[in-house]
Amino acid sequence: MLITDDFLPVPVPESLSATYLVPMAGLPPVSPKTAVRALAGRLADPVYGLATQMLDSPLMSVDTRSIDEFPQLPPDLLTAFGATEAQLGRLAAASHLVVVQAEYRPGWPPAHEWAARAVAAAVAESVDGDVVDVFGLQFLDPATALKSLPDAQGRIRLVDWVLVPYSSDTEGLWFTTKGLRRFGLLELQTQGVPDHLTRAWGAVLTGAARRLLRDWTDGLAGEEVPAFVQLPVLATVTGHDIAVAYGNPEQHGATAPVLLRLELDPATDPEADSFLSLRPPPGHPGPDGRYYAAACATLFSGIEPDVRYARSGDAMSRAVATARAGLDDIRARFLADGLPPEAQLVVKYGLAGDDGPEYVWAGVNSWDAPERIIGASASDANTDPTVRIGSPVEVAVTEVVDWAVLDGTGVIEGGWTQAVLDAGERPHPTH
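Take the sequence shown: its position 323, counted from the start at 1, is 371 in the numbering used here, and no numbers get skipped.
This is the structure we're talking about:
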């Protein structure tokens, strides 16, 4: 194996396994094969064929066990990963578990995961029950589990298979992935992410996971499973990677790629996991957090600052009026945690300058007082050297001229002034 400074050799496990549980009160009413046959015509051929073939092979086992024979699932972790009271209640009332396990070699397709999830979903559907993904410690209803499986072209949404949990420490936010080990790849991590990038960096890490997973499976495409796969030390992430990972390839914008340096972070504890750390590329000046903020600004295009001003009655003026009319409603939704999952609220406001105001964007961290927004700048200002990407800002609501809700694909709501600029209606400055 050739080892160079451009590639990082990542070890490949000999085999991979998947485990899914179906809690139920009593014994299953039908066999696994009967349950899977009920999915004929509803599952894409690649998955339906894999499930039926693996059921007839030693690569899969389906056992019914008394719930007392299985280690107790931690309810606090299940809750942290989205379990509802109803799901936890059905688990507590269950007398038996149907345990679906499958093994397969590393590579694509991940037959162990697809087949095991399909069989578990079929069994759960037969009793109107739940699927428990043991790897992700997640409850899935049968419909959600089936929807996550690949379509006829073998495409999946990576967000259905890889979670991005995070926690806070004195250095900022620590992000990890949870799900890449399903495919044999080490999990990713980033440390020192600024607090205001919670949703944005989760999307970036998901896009990076998609890009690296593609490189990983390309390295496993041969007939023999190699001992190592060489991944590029400088990984690139684009808006397209993020959009595809979220299942919206047609919505991606033409963003510039962002470079991230890949480092192997081996665990010192034999019981702990090793990680692939994502960091700024070599030579980046300043703290890592500033680079992460700049990367998000690059990937989530459409929130650039502008120094154009509206004449009364023109399209820009109407855009500002529309945005301001919706401020009370978007504040209420923000405070009620009513924004879409993984979305972030940003506002555009004016900074005074010698030639007129400069309009910049800021991510909203808190909006407790109706007249004041606490946030972090999403761009470097030209007129005020203290306003830099990631720097804390306090915005008077009277200065807000626009707002937008962003997800991994860009602006999904709001952004009226940006729409005017993108349409080419650029009013001249007035003095």
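Virtual Cβ for every residue (Gly too), placed ideally from N, Cα, C.
So what does DSSP say about residue i, is it helix, strand or coil?
{"i": "glycine 267", "result": "helix"}
{"i": "phenylalanine 223", "result": "strand"}
{"i": "leucine 87", "result": "coil"}
{"i": "glutamine 120", "result": "coil"}
{"i": "glutamine 186", "result": "strand"}
{"i": "threonine 286", "result": "coil"}
{"i": "histidine 332", "result": "coil"}
{"i": "glycine 240", "result": "strand"}
{"i": "alanine 134", "result": "helix"}
{"i": "tyrosine 339", "result": "helix"}
{"i": "arginine 258", "result": "helix"}
{"i": "glutamine 278", "result": "strand"}
{"i": "leucine 174", "result": "Note that residue 174 corresponds to serine in the displayed sequence, not to leucine. Helix."}
{"i": "alanine 66", "result": "strand"}
{"i": "proline 61", "result": "coil"}
{"i": "leucine 203", "result": "The residue asked about is misnamed: residue 203 is arginine in this sequence, not leucine. Of the three classes helix, strand and coil, the one that applies to arginine 203 here is coil, per DSSP."}
{"i": "alanine 150", "result": "strand"}
Out of curiosity, what's the CA-to-CA distance linking residue i and residue j?
{"i": "threonine 316", "j": "glycine 334", "result": "29 angstroms"}
{"i": "glycine 202", "j": "proline 94", "result": "7 angstroms"}
{"i": "asparagine 430", "j": "proline 198", "result": "47 angstroms"}
{"i": "leucine 64", "j": "serine 105", "result": "16 angstroms"}
{"i": "phenylalanine 129", "j": "glycine 250", "result": "15 angstroms"}
{"i": "glycine 386", "j": "tyrosine 407", "result": "27 angstroms"}
{"i": "leucine 206", "j": "alanine 373", "result": "37 angstroms"}
{"i": "serine 322", "j": "isoleucine 460", "result": "36 angstroms"}
{"i": "glutamate 352", "j": "alanine 467", "result": "Unreliable positioning characterises glutamate 352 in this predicted model, as indicated by a pLDDT of 49, which lies under 50. The coordinate reading is nonetheless provided below. Rounded to whole angstroms, glutamate 352 to alanine 467 spans 12 angstroms at the Cα level."}
{"i": "proline 440", "j": "isoleucine 422", "result": "8 angstroms"}
{"i": "proline 77", "j": "glutamate 173", "result": "11 angstroms"}
{"i": "threonine 286", "j": "glycine 411", "result": "21 angstroms"}
{"i": "lysine 396", "j": "alanine 371", "result": "10 angstroms"}
{"i": "isoleucine 378", "j": "methionine 364", "result": "20 angstroms"}
{"i": "phenylalanine 183", "j": "glutamate 419", "result": "45 angstroms"}
{"i": "arginine 359", "j": "proline 405", "result": "Annotation note: pLDDT 39 at arginine 359 (below 50); position unreliable, coordinate value reported separately. Their Cα atoms are separated by approximately 13 angstroms."}
{"i": "valine 394", "j": "alanine 193", "result": "33 angstroms"}
Would a C-beta distance cut-off of 7 angstroms place residue i and residue j closer than the cut-off?
{"i": "glutamine 392", "j": "leucine 454", "result": "yes"}
{"i": "leucine 188", "j": "alanine 150", "result": "no"}
{"i": "alanine 343", "j": "valine 306", "result": "yes"}
{"i": "threonine 465", "j": "alanine 367", "result": "yes"}
{"i": "valine 84", "j": "aspartate 111", "result": "no"}
{"i": "isoleucine 115", "j": "histidine 160", "result": "no"}
{"i": "alanine 426", "j": "alanine 369", "result": "no"}
{"i": "glutamine 237", "j": "threonine 254", "result": "no"}
{"i": "alanine 169", "j": "valine 179", "result": "yes"}
{"i": "valine 252", "j": "leucine 221", "result": "no"}
{"i": "alanine 92", "j": "alanine 200", "result": "yes"}
{"i": "leucine 324", "j": "leucine 308", "result": "no"}
- Segment contact flag, the segment 160 to 170 with the segment 68 to 88, C-beta cutoff 8 angstroms, min 3 pairs: The answer is yes - the segment 68 to 88 touches the segment 160 to 170, with three or more Cβ pairs under 8 angstroms.
- Query: For the segment 241 to 248 against the segment 278 to 285, are there 3 or more C-beta pairs whose distance is under 8 angstroms?
  - Reply: no
- Entirely enclosed alpha helix (DSSP H) segments - the segment 416 to 471, minimum 4 residues: For the alpha helix (DSSP H) assignment, the uninterrupted runs of no fewer than 4 residues enclosed by the segment 416 to 471 are, from N- to C-terminal side, 464 to 470.
- Message: As an exercise, report each continuous alpha helix (DSSP H) stretch of at least 4 residues that is fully enclosed by the segment 364 to 413, in chain order.
- Response: 375 to 383
- Do the segment 142 to 160 and the segment 225 to 240 touch if we need at least three Cβ pairs shorter than 8 angstroms? Touching, per the Cβ criterion.
- Indicate whether the contact test is met: 3 or more Cβ pairs, each with one atom in the segment 183 to 198 and one in the segment 254 to 267, closer than 8 angstroms. no
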